[in-house]
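Participant: My structure is below; once you've seen it, I'll send some questions.
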Amino acid sequence: TFGIAELESSLAALHLTAPRSVVEPTDILTNPLDVCRSLLADILSGLVESSPEAAYKSIQWPNNIYNGDLAVVLPKLRPGCKAADLALDIAQKVRTLVSFLLPYASLSVTQFPQNHPLFPLPFLENVHLRILLEVDAFARLLFPFILKHGDSYGTDATRGLRSSLSPDEGRKKLVVEFSSPNITNELHGRHLRSTIIGAFIGNFYESMGWDVTRINYLGDWGKNIALLKVGWERFGDEAKYQANPIEHLLEVFEKINNLFQPEVAASRHARDEAAKHGQDEGQVQAEIENQGIYAERNTVFKKLENGDEEAIGFWKRVRDVNIENYTDFYSQLGISFNEYTGESQVSTETMVEVETLLKEGNICEESSGAWVVHMQHHGLRAGTAIIRGRDGATTYLLRDLAAMIERSRKYSFDKMIIVTANDHNTPHFTHLHHILVALGKKDLADKIQHLKFNETSNMEETLGKGYKPQAIISHIETAMTTELETNRQKSIIFGEPEKSSKALSIASLLAHELSTRTTSAHSFDTGDMTTFKLGTGPDLQYWYAKLRTVLKSRDAEVELSDADYESLVEDESASNLLRLLAQYPEVTRTTYNSSVPQPDDIVKYLAGVTEQLADCLNNDDDAEDGEQREAEAGNEAEAEEKTFGPGHLTLFEATRIVLENGLKLLGITPYATE
Ligand code: ARG
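Residue 4 is where the sequence shown starts when you use UniProt numbering, and the numbers rise one by one after that.
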């Protein structure tokens with residue numbers, strides 16, 4: 004572990020003391036750049052007579068090591084001043100920087116180094132003062148920081164505390180709802196995306212100290228279930244079901260749905276016609292829906308809602324077998340849920356409670372026998388939200404309203420994130436929010452966040468229609484096996500392709516899904532995700548495995564000498580790698596502070612680390628020759644391995660920690676070859 008004592012001792016070795024002007028919320032124990040930021044804020048606030056808070060806030064992290072390690076945004080440092088004037092002022096004063104450091108020096112004036120151990124003179128660029136940390140000193144601070152933190156490096160358990168002052172008040176509660184497939188249909192691309200993004204959100208908040216509950220809100224109620232039962236009565240075959248239940252149920256649903264769709268089209272048409280001729284649309288529609296499969300379906304649904312034993316028995320069987328199938332799929336992805344809930348699990352009492360409130364508050368009204376909310380009375384421009392259908396059946400919306408209230412009672416969460424596709428659900432969640440507000444539950448409404456992602460996914464095109472969850476994995480495995488067989492130069496590190504293929508396939512899928520920004524359209528190319536291109540699952544795993552190999556020669560006990568640190572300063576790619584590792588907590592902090600934590604920022608960061616690592620491992624003059632030789636031999640193990648001193652090996656150990664922590668955050672199990 005790493006606490007204030009550890010921080011003070013590594014700072015003391017640099018003749019520094021812990022930052023004075025610590026600003027809440029400070030991250031000096033979790034974020035090494037924050038130590039530097041706070042130390043710099045001490046200096047700056049003395050220099051320009053600004054408050055330590057303003058000084059601290061003026062220091063940014065430039066997101067890219069080529070712009071330095073920290074940047075002071077001058078207009079923020081002294082609001083209202085001209086950047087150029089302030090820059091000039093500082094430029095003159097930094098020459099005498101040393102005098103401002105006296106309070107922090109633990110040595111006497113004569114012994115004090117002429118320059119600050121961490122901050123060489125900053126350079127000025129437009130409105131920024133750019134700071135490039137002194138690598139030698141920074142390494143002395145950073146190594147113990149990362150090594151002692153170990154698997155907590157980049158996490159921050161204090162974020163989730165209800166109160167940082169009195170930890171007894173417990174941790175913040177997050178409910179994350181994700182995956183939520185519909186049991187009558189295949190798992191769609193959007194459910195797969197929701198599964199993987201939602202799992203990441205859960206891991207991420209957990210790493211930030213939140214108490215996380217993961218729930219799967221199955222589409223396991225409603226008219227489609229009733230339609231499936233109607234289909235089962237015609238096409239159901241017990242023997243086929245026994246042989247492959249999921250496949251058979253999907254087949255039954257498809258058959259009945261094919262028969263049903265013309266009726267749906269006819270109803271729609273009749274309604275449009277009625278509207279054209281000024282007739283009562285509801286009436287016309289009701290007439291059509293009183294016959295055929297419509298009527299059969301509605302009767303079955305009514306039975307379900309009334310708790311008819313036989314209907315419920317069928318529903319339960321279908322639900323259980325699907326949950327079993329999903330659970331198996333999720334567990335292959337390393338994902339699990341605390342609770343399988345679903346539309347079916349919402350209690351009638353709560354729905355009635357909601358409905359009564361809606362009626363008493365005149366929020367909903369009757370319209371051709373249905374109960375609806377006209378959204379223009381509730382903060383939206385237009386839209387009609389249906390609470391209960393003409394036939395008296397509950398709706399998706401009513402179930403969801405009641406579900407939200409039940410969850411808030413059950414979990415008293417601080418935040419609930421619902422991960423589901425944008426295109427599909429946005430109006431629904433907007434209605435939900437505004438109706439909760441109308442019900443006087445603004446507090447609850449504000450705690451619910453719809454993490455919407457772009458639904459566009461060509462998974463269907465890639466895998467063909469009718470795929471089951473297992474088919475997704477098999478497709479990727481086929482592609483992965485081919486890649487492992489063809490790219491021996493990289494795959495050799497994993498040993499036997501058959502053994503590693505499965506693990507790497509899962510890594511491919513997870514890294515792929517998480518590397519697309521949630522708002523972007525998303526391709527699903529199994530060939531692409533299984534390559535060893537920068538930032539893919541297999542490539543991240545490759546560099547992790549590579550590190551483990553290199554680290555075999557590391558002696559963890561050895562104390563680094565001045566010469567070891569010197570060797571890092573002299574090696575530019577090693578210095579850059581080191582500076583990059585320091586940014587990891589900044590990356591996670593930025594992710595945490597954004598309104599939607601974006602996993603692709605983490606993937607990009609890790610890809611950047613492996614790119615820099617590659618540079619560092621190959622950084623000798625004959626690297627190119629070496630690669631040539633390796634490629635010819637087709638066997639990396641035969642190529643001469645470079646040897647590294649203790650300084651570099653410590654850097655690689657720190658890199659392993661960062662890579663491992665990052666992979667785990669993405670839900671990827673680091674693949675160990677032995
Ligand atoms: N089952 C829905 C679908 O497939 C997603 C459920 C979203 N969550 C909710 N609370 N409505 O689109």
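Beta carbons are placed, not taken as given, at the ideal position from N, Cα and C, and that holds for glycine. The structure presented is a predicted model; accordingly, all values stated were derived computationally and were not measured.
List the residues that DSSP assigns as beta-bridge partners of W374.
Facilitator: To locate residue 374, count along the sequence shown from 1; it is residue 371. Paired residues: E369, R391.
Participant: Output the boundary residues of the beta strand (DSSP E) element that contains L132.
Facilitator: Stepping through the sequence shown from its first residue, residue 132 is reached at position 129. Here the beta strand (DSSP E) through L132 covers 131-134.
Participant: Is it the case that the CB of G421 approaches a heavy atom of the ligand ARG more closely than 8 Å?
Facilitator: Reading the sequence shown from its first residue, position 418 is the one you call residue 421. Inspection of the sequence shows that residue 421 is occupied by Ile rather than by Gly. At least one heavy atom of the ligand ARG is nearer than 8 Å to the Cβ of I421, so yes.
Participant: Taking C-alpha atoms, which residue in Q601, S41, P170, F5 lies nearest to A21?
Facilitator: Numbered from its first residue, the sequence shown carries residue 21 at position 18. Nearest C-alpha to A21: S41.
Participant: With DSSP as the reference, please indicate the residues paired to H453 in a beta bridge.
Facilitator: The sequence position of residue 453 within the sequence shown is 450, counting from 1. DSSP output for H453 lists I421 as bridge partner(s).
Participant: Identify every residue that forms a DSSP beta bridge with N219.
Facilitator: Locating residue 219 in the sequence shown gives position 216, where the first residue counts as 1. The partner list for N219 (beta bridge, DSSP) reads Y343.
Participant: Nearest-angstrom Cα distance between L164 and G382?
Facilitator: In the sequence shown, the residue the question calls residue 164 occupies position 161. In the sequence shown, the residue the question calls residue 382 occupies position 379. Approximately 34 Å between the Cα atoms of the pair.
Participant: Touching or not, the stretch 382-392 and the stretch 256-265, by the rule of three or more beta carbon pairs under 8 Å?
Facilitator: No, because fewer than three Cβ pairs between the stretch 382-392 and the stretch 256-265 fall closer than 8 Å, the two stretches do not touch.
Participant: Around the Cβ of E299, are there at least 16 other Cβ atoms within 10 angstroms (buried) or fewer (exposed)?
Facilitator: Here residue 299 refers to the residue found at position 296 of the sequence shown. So E299 counts as buried.
Participant: Please report the straight-line C-alpha distance between G281 and Q288, rounded to a whole angstrom.
Facilitator: Residue numbering aside, residue 281 sits at position 278 when the sequence shown is read from its first letter. Residue numbering aside, residue 288 sits at position 285 when the sequence shown is read from its first letter. Taking the straight line from one Cα to the other gives about 14 Å.
Participant: If you reduce the DSSP assignment to three classes, tell me which class T99 lands in.
Facilitator: Reading the sequence shown from its first residue, position 96 is the one you call residue 99. Below a pLDDT of 50, predicted positions are generally treated as unreliable, and T99, at 47, falls in that range; the measurement from the model is reported next regardless. Coil.
Participant: Please tell me whether, using a cut-off of 8 Å, the distance from the CB of Y220 to the nearest non-hydrogen atom of the ligand ARG is below it.
Facilitator: For the purposes of this step, residue 220 is taken as the residue at position 217 of the sequence shown. Within the cutoff, so yes.
Participant: If you drop the 5 nearest sequence neighbours on each side, which residues of the same chain put their C-beta closer than 6 Å to that of E209?
Facilitator: Indexing the sequence shown from 1 puts residue 209 at position 206. The answer, listed in chain order, is V215.
Participant: Excluding the 5 residues flanking F432 on each side, which residues of the same chain have their C-beta closer than 6 Å to its C-beta?
Facilitator: Numbered from 1 along the sequence shown, position 429 holds the residue referred to as residue 432. Excluding residues within five positions, the ones whose Cβ falls inside 6 Å are H453.
Participant: Where do the N-terminal and C-terminal ends of the beta strand (DSSP E) with A74 fall, by residue?
Facilitator: As a first step, residue 74 is located in the sequence shown; it is residue number 71 there, counting from the start. Looking at the DSSP string, the run of the beta strand (DSSP E) that includes A74 is 73-76.
Participant: Is there contact here, the stretch 230-247 with the stretch 333-353, by at least three beta-carbon pairs under 8 Å?
Facilitator: Flag = no, the stretch 230-247 and the stretch 333-353 do not touch.
Participant: Does DSSP put I326 in a helix, in a strand, or in coil?
Facilitator: Taking the first residue of the sequence shown as position 1, residue 326 is located at position 323. It is helical.
Participant: Between K306, P35, K176, D72, which lies nearest to G212 when the distance is taken from Cα to Cα?
Facilitator: The count along the sequence shown starts at 1 and reaches residue 212 at position 209. Selected option, being the one with the closest Cα: K176.
Participant: Count the other C-beta atoms from every protein chain shown that fall within 10 angstroms of the C-beta of N219, then say buried if there are 16 or more, exposed otherwise.
Facilitator: For the purposes of this step, residue 219 is taken as residue 216 along the sequence shown, with counting starting at 1. N219 should be labelled buried.
Participant: Out of F416, D45, I68, D603, which has the shortest C-alpha to C-alpha gap to A58?
Facilitator: Translated into positions along the sequence shown, residue 58 becomes position 55. For A58, the nearest C-alpha among the options comes from D45.
Participant: Got a sec: does the ligand PLP put a non-hydrogen atom nearer than 8 Å to the Cβ of S518?
Facilitator: With respect to the ligand PLP, the structure offers nothing, as its ligand set consists of the ligand ARG.
Participant: Give a yes or no on contact between the stretch 50-68 and the stretch 166-184, applying the rule of three or more CB pairs nearer than 8 Å.
Facilitator: The stretch 50-68 vs the stretch 166-184: no contact.
Participant: Looking only at DSSP bridge pairs, what is residue 678 linked to?
Facilitator: Lying before the first or after the last residue shown, residue 678 is absent from the chain, which here runs from 4 to 677.
Participant: Could you give the distance in angstroms between the alpha-carbon of D417 and the alpha-carbon of K445?
Facilitator: Residue 417 sits at position 414 when you count from the first residue of the sequence shown. Residue 445 sits at position 442 when you count from the first residue of the sequence shown. Cα to Cα, D417 sits roughly 13 Å from K445.
Participant: Looking only at its chain, what residues have a beta carbon closer than 7 Å to the beta carbon of E635, apart from the 5 residues adjacent to it on each side?
Facilitator: Within the sequence shown, numbered from 1, the residue matching residue 635 stands at position 632. Low per-residue confidence applies at E635: pLDDT is 45, beneath 50, and the placement is therefore not dependable, though the value from the model is reported in the following sentence. Here the set comprises nothing.
Participant: Among all the DSSP beta bridges, which residues are the ones paired with Q63?
Facilitator: Counting from one through the sequence shown, the residue named residue 63 turns up at place 60. Paired residues: A74.
Participant: Beta carbon of F122, beta carbon of I134: below 9 Å?
Facilitator: Here residue 122 corresponds to residue number 119 of the sequence shown, with the count starting at 1. Here residue 134 corresponds to residue number 131 of the sequence shown, with the count starting at 1. Contact: yes.
Participant: Can you name the start and end residues of the beta strand (DSSP E) that V178 belongs to?
Facilitator: Counting from one through the sequence shown, the residue named residue 178 turns up at place 175. Its beta strand (DSSP E) spans residues 176-180.
Participant: Can you say whether residue 1 is buried or exposed, counting buried as having 16 or more other CB atoms within 10 angstroms of its CB?
Facilitator: Residue 1 lies beyond the range of the chain shown here (4 to 677); nothing can be said about it.
Participant: Measure the C-alpha to C-alpha separation of L100 and A16 and round it to an integer number of angstroms.
Facilitator: Translated into the one-based positions of the sequence shown, residue 100 becomes position 97. Translated into the one-based positions of the sequence shown, residue 16 becomes position 13. A caution first: L100 carries a pLDDT of 47, below 50, which makes its placement in the model unreliable, though a value can still be read off. Going from the Cα of L100 to the Cα of A16 covers about 20 Å.
Participant: What does the alpha-carbon distance come out to for the pair A441 and N185?
Facilitator: On the sequence shown, residue 441 is found 438 positions in, with the first residue counted as 1. On the sequence shown, residue 185 is found 182 positions in, with the first residue counted as 1. Cα-Cα distance, rounded: 29 Å.
Participant: Quick check on the burial criterion: 16 or more other C-beta atoms within 10 angstroms. Buried or exposed for N664?
Facilitator: As a first step, residue 664 is located in the sequence shown; it is residue number 661 there, counting from the start. By the 10 Å Cβ count, N664 comes out buried.
Participant: On the CB-based measure, 16 or more other CB atoms within 10 Å of its CB, does K493 come out buried or exposed?
Facilitator: For the purposes of this step, residue 493 is taken as the residue at position 490 of the sequence shown. By the 10 Å Cβ count, K493 comes out buried.
Participant: Do Y547 and L662 have their C-beta atoms within less than 9 Å of each other?
Facilitator: Your numbering for residue 547 matches position 544 in the sequence shown. Your numbering for residue 662 matches position 659 in the sequence shown. Against a cut-off of 9 Å, the Cβ pair of L662 and Y547 comes out as a contact.
Participant: What I want to know is whether the C-beta of P472 ends up closer than 8 Å to one or more non-hydrogen atoms of the ligand ARG.
Facilitator: Residue mapping note: residue 472 aligns to position 469 of the sequence shown, counting from 1. No, the Cβ of P472 stays beyond 8 Å of every heavy atom of the ligand ARG.
Participant: When the Cα of S270 is compared with those of T489, Q286, D171, which residue comes out closest?
Facilitator: The residue you call residue 270 lines up with position 267 of the sequence shown. Nearest of T489, Q286, D171 to S270, Cα basis: Q286.
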